[in-house]
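Colleague: Sharing a structure below in structure tokens format, with a few things to ask.
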Amino acid sequence: MSESDHPPLLEVHVEAKHYTARTVLDHLSLRIGHGEIVSLVGPSGCGKSTLLRIVAALDRQYHGEVHVNGTPLNGPSSQIGVIFQEPRLLPWLTVADNVGFEAGSGGGRDPRVAQLLAEVGLAGQEHTLPKALSGGMAQRVAIARGLFSQPDLLLLDEPFSAVDAMTRMRLQALLLSVARAHGTAALLVTHDLDEALYLSDRVLLMAAAPGRIDREYRVARPRPRDRRDPVLADLRAQLLERLDAFEAV
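Per my numbering, residue 447 is the first one in the sequence shown, and the count goes up by one each step.
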């Protein structure tokens, strides 16, 4: 069934977002369908993370509107999970209590916690404190925490940039696995074009000064994808050419 047969999960219209006298985002619109994975790429300063904060309702100082499942977003919502660049685990709480933090005191005993930890490969780590975790393990906990509220949409801001290359590839595969298992859509900010093309149904290239959607690239390849696929290589070349054009202006 085509995307047009269903109302979008997410609709974003930002007429303008300003920081003092600087216009950060201008006349920007995007839609994400249920279960779709979309990446935002673009030069530094084009407003990718700002846009993510607006969708998360962490930034309300803008002109425009965000709708989730057809309903205006007026504040943080359980329908949206957020995974940051750093895991941001609370060091005094166990892994389980970090995952179930949204449920309040004793949230780590919620049956969903053990299930999610098993899904991200951390079964048996419920009572571990964050200081005993590697960077990759900590980000797995963050992914489990982001899924705890059973969101329709995950927002990810450079979530794998702080880990080594092999761990990054494993976490990318994990994200695809849990998104598929939960039917969760994702909006991902990344500077890594290979990551965007490996993960996404669509890659949105943003331009800067002010930030706006410049072009959309559809990745019409089935998953799991071969990272050496010439189709991905061709799309990467197109993205690089366009990014180079920004630098030349």
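Glycine residues also receive a C-beta, built at the ideal position from the N, C-alpha and C atoms.
1) Among Asn544, Ile478, Glu457 and Ile589, whose alpha-carbon lies nearest the alpha-carbon of Ile529?
2) From this set, Ile483, Leu639, Ala564 and Arg499, which residue's C-alpha is nearest Arg688's C-alpha?
3) Assign Ser646 to one of three DSSP states: helix, strand, or coil.
4) Going by C-alpha distance, which of Thr469, Leu474 and Ile483 is nearest Leu600?
5) Give the DSSP-derived three-state secondary structure of Arg616 in the structure shown.
6) Pull up the distance between the alpha-carbon of Thr466 and that of Pro522, whole angstroms please.
7) To the nearest whole angstrom, what separates the beta carbons of Leu645 and Leu622, a pair I think is in contact under 8 Å?
8) At a cut of 8 Å, does the stretch 568-581 reach the stretch 533-552 through at least three beta carbon pairs?
9) Is DSSP giving Arg506 helix, strand or coil here?
10) Contact defined as beta carbons within less than 8 Å: I believe Val649 pairs with Ser485. What is the distance between those atoms, to the nearest angstrom?
11) Find the nearest neighbour of Tyr706 within the set Asp672, Leu681 and Val635, judged by alpha-carbon distance.
12) Determine the contact status of Val470 and Val512, defining contact as a CB-CB distance below 8 Å.
13) On the three-pair Cβ rule with 8 Å, is the stretch 496-509 touching the stretch 659-673?
14) The ligand PLP heavy atoms versus the CB of Ser485: any closer than 7 Å?
15) From this set, Phe594, His452 and Leu476, which residue's C-alpha is nearest Ile659's C-alpha?
16) Where do the ends of the beta strand (DSSP E) carrying Leu456 lie?
17) In chain order, what residues of the same chain lie with their CB nearer than 6 Å to the CB of Pro605, ignoring the 5 residues before and after it?
18) Quick check on Glu449: buried or exposed, where buried means 16 or more other Cβ atoms within 10 Å of its Cβ?
19) Could you tell me which of Met583, Gly493, Pro670 and Glu565 sits nearest to Ala608, measuring between CA atoms?
20) Quickly, what does DSSP pair Glu693 with across the bridge? List them, please.
21) Would you tell me roughly how many angstroms separate the C-alpha atoms of Tyr508 and Gly570, rounded to the nearest one?
22) For my contact list, Gly553 and Glu572 are in at a C-beta cut-off of 8 Å; report their separation, rounded to the angstrom.
23) Taking the CB atoms as reference points, tell me whether Ala492 and Ala632 lie closer together than 8 Å.
Modeller: Let me spell this out:
1) Ile589
2) Leu639
3) coil
4) Ile483
5) Note: Arg616 maps to helix in three-state DSSP.
6) Each residue's alpha carbon lies about 24 Å from the other.
7) 7 Å
8) yes
9) coil
10) 5 Å
11) Residue coverage of the chain in this structure runs from 447 to 695, which leaves residue 706 outside it and unanswerable.
12) no
13) no
14) In terms of ligand content, the structure shown is empty, and the ligand PLP therefore cannot be addressed.
15) Leu476
16) Leu456 to Tyr465
17) Ile529
18) Only weak support exists for where Glu449 lies, its pLDDT of 46 falling under 50; the value from the coordinates is given anyway. Classification for Glu449: exposed.
19) Nearest neighbour of Ala608 by Cα position, chosen from Met583, Gly493, Pro670 and Glu565, turns out to be Met583.
20) Its beta-bridge partners do not exist; DSSP assigns none.
21) Roughly 44 Å separates the two Cα atoms.
22) In this structure Gly553 is not in contact with Glu572, their Cβ atoms being roughly 12 Å apart against a cut-off of 8 Å.
23) Note that residue 492 is Cys in the sequence shown here, rather than Ala. The Cβ atoms of Cys492 and Ala632 lie no closer than 8 Å to each other.
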